[in-house]
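K.L.:
Before we start, here is the structure in question, set down as structure tokens.
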Amino acid sequence: MQLRMRRSALVSEDVDGGGELSTQVIAVTSGKGGVGKSNVVANLAVSLARAGKRVLVLDADLGLGNLDVLLGLVPQHTIEDVLVGSHTLSEIMLRGPAGIHVLPASSGVPRLTALTESQQLMIQEQLADLAAEMDVLLIDTGAGISPNVTFFASSADETMVIISPEPTSLTDAYALIKVLARQYRERRFKVLVNQAKSPREASEVFGKLDVAVDRFLHVSVELVGAIPYDDYVHMAVMQQKAVSDMFPDAPAAQAFKRLAQQVTQWPKPGLPKGSVQLVWQRSATHAGN
Ligand SMILES: Nc1ncnc2c1ncn2[C@@H]1O[C@H](COP(=O)(O)OP(=O)(O)OP(=O)(O)O)[C@@H](O)[C@H]1O
Ligand SMILES: [Mg+2]
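In the working numbering, the protein residues as written are 85 to 373.
Structure (structure tokens):
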């Protein structure tokens with residue numbers, strides 16, 4: 085219900101003639117932790133910004149955020165300050181490499197791991213206003229199937245699930261997709277393989293997930309790319325820099341550049357991927373009338 089209210093408001097404020105939102109909202113998520121979500125968000129954001137896009141990044145790993153550390157930023161305030169009402173999202177926004185905008189999360193705050201509905205609404209309202217000024221909003225959701233993860237994943241236009249070649253990343257991705265399909269009626273997922281040793285390994289890993297999801301969950305998964313395992317990623321992390329900035333010729337940085345080019349060409353989804361988008365779509369139609 086609260087999402088419905090905000091979606092209507094967001095659509096009526098930010099229509100581009102045809103009643104469609106112009107900001108691309110992509111949630112980057114995973115079942116298993118440590119597969120590379122935050123690195124994907126940081127490097128995709130930098131690569132999109134280098135391609136001329138206005139990019140906003142939300143660290144939605146609210147209790148255990150670390151995007152700021154990854155990007156060498158030192159936030160004075162975080163989303164925790166927004167939730168207690170002392171600051172607005174706009175006030176905590178930082179500028180990062182390549183001019184990206186970053187909304188940092190706090191770390192070590194267990195009570196933020198499950199937002200209340202009114203907290204969700206507050207974040208969503210303020211986020212909608214900021215996102216309206218951007219071309220792309222990337223959301224780093226944190227790992228697992230907690231309510232925060234599923235909330236942020238389901239409210240985006242696109243859910244990009246990160247998997248790695250480890251078998252546990254596949255079983256956990258399957259579990260996450262299952263929860264999103266059952267609870268939020270999500271029907272479409274984009275999948276990015278990270279840390280693959282070869283393109284062949286990437287397609288084999290994706291193939292296993294594709295078969296299981298298609299057979300047992302009846303939802304669609306689309307492979308959108310693969311980021312190779314690359315020691316330069318680790319070297320950049322140690323320097324608190326995005327590999328796309330520090331080592332732009334490294335294999336992973338080149339793969340992020342290709343991914344960014346592809347992302348800018350993703351068509352606006354014709355059909356909603358889940359129940360939340362259905363509401364959004366209806367609101368858009370209504371707002372356009
Ligand atoms: N393509 C890659 N090649 C080599 N190492 C990588 C690659 N991607 C990620 N890593 C390594 O994996 C580590 C974990 O990455 P990251 O913090 O982005 O994962 P995460 O999914 O965000 O983790 P969490 O679930 O804890 O939020 C990084 O510190 C980096 O050393
Ligand atoms: Mg992370």
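Here a beta-carbon is modelled for each residue, glycine too, at the ideal position from N, C-alpha and C. Source: prediction; values computed, not measured.
Following the continuous alpha helix (DSSP H) through K274, name the residue where it begins and the one where it ends.
P.N.:
Run containing K274: none in the alpha helix (DSSP H); it sits in the beta strand (DSSP E), R272 to A280.
K.L.:
Going by DSSP in three states, D333 sits in which element: helix, strand or coil?
P.N.:
Here D333 sits in coil by DSSP.
K.L.:
So I311 packs on S114, CB below 8 Å; how close in whole Å?
P.N.:
Not confirmed; about 13 Å, so no contact.
K.L.:
From this set, V125, E250, L167 and L276, which residue's C-alpha is nearest L205's C-alpha?
P.N.:
Ranking V125, E250, L167 and L276 by Cα distance to L205 puts L167 first.
K.L.:
Provide the residue span of the alpha helix (DSSP H) that contains V321, from first to last.
P.N.:
Where V321 is concerned, the enclosing alpha helix (DSSP H) stretches over D315 to M322.
K.L.:
With burial defined as no fewer than 16 other Cβ atoms inside 10 Å of the residue's Cβ, what is the status of G169: buried or exposed?
P.N.:
Counting Cβ neighbours within 10 Å, G169 comes out exposed, since fewer than 16 surround it.
K.L.:
Counting beta carbon pairs with one atom in the segment 175-182 and one in the segment 217-233, are three or more of them shorter than 8 Å?
P.N.:
Counting Cβ pairs under 8 Å, fewer than three are found: no touch.
K.L.:
My understanding is that F300 touches S131, with C-beta atoms under 8 Å, so please give their C-beta distance in whole angstroms.
P.N.:
That pair is no contact at about 34 Å.
K.L.:
Sort out for me which residues DSSP pairs A227 with in a bridge.
P.N.:
According to DSSP, A227 bridges with S114.
K.L.:
Under 9 Å between the Cβ atoms of D224 and V141?
P.N.:
Contact: yes.
K.L.:
Using the Cβ count rule (16 or more neighbours within 10 Å means buried), how would you classify M85?
P.N.:
For M85, the predicted structure reports a pLDDT of 26, less than 50, and the residue's modelled location is therefore unreliable. A value from the coordinates is still provided. Label assigned to M85: exposed.
K.L.:
Could you name the residues of the same chain whose beta carbon sits closer than 7 Å to that of A336, not counting the 5 residues immediately before and after it, in chain order?
P.N.:
Within the same chain, A336 has close Cβ partners I311, P312, D314, Y316, V317 and V327.
K.L.:
Could you name the residues of the same chain whose beta carbon sits closer than 8 Å to that of R90, not counting the 5 residues immediately before and after it, in chain order?
P.N.:
Low confidence applies here, because R90 scores a pLDDT of 43, under 50, leaving its location unreliable and the question unanswered by this model.
K.L.:
Within 10 angstroms of the Cβ of S239, are there 16 or more other Cβ atoms? Answer buried if so, exposed if not.
P.N.:
When all chains shown are included, S239 counts as buried.
K.L.:
P188 and L157 - do their beta-carbons sit closer together than 9 Å?
P.N.:
Result yes, Cβ atoms of L157 and P188 sit closer than 9 Å.
K.L.:
At a cut-off of 8 Å, would you count L151 as near ligand 2, judging by its Cβ distance to the nearest heavy atom?
P.N.:
Within the cutoff, so yes.
K.L.:
Could you check whether the Cβ of L264 sits closer than 8 Å to any heavy atom belonging to ligand 1?
P.N.:
For ligand 1, not one heavy atom lies less than 8 Å from the Cβ of L264.
K.L.:
Report all residues from its chain with a CB closer than 7 Å to the CB of N373; omit the five preceding and five following residues, and keep chain order.
P.N.:
Confidence is the limiting factor: at N373 the pLDDT is only 32, short of 50, which leaves the residue's position unreliable, though a coordinate-based value still follows. None.
K.L.:
DSSP has H185 in a bridge; who is on the other side?
P.N.:
DSSP lists L140 and R179 as partners of H185.
K.L.:
Starting from M244, trace the beta strand (DSSP E) both ways and give me its first and last residue.
P.N.:
Looking at the DSSP string, the run of the beta strand (DSSP E) that includes M244 is E242 to I247.
K.L.:
Could you say which of F236, G228 and T172 lies nearest to T200 if we only look at CA atoms?
P.N.:
The shortest Cα separation from T200 among F236, G228 and T172 belongs to F236.
K.L.:
How is A310 classed by DSSP in three states: helix, strand or coil?
P.N.:
It is a strand residue.
K.L.:
Can you tell which of S191, A133, W350 and G117 has its C-alpha closest to the C-alpha of I184?
P.N.:
Selected option, being the one with the closest Cα: A133.
K.L.:
Based on the DSSP output, what are the partners of S202 in its beta bridges?
P.N.:
S202 is not bridged to any residue.
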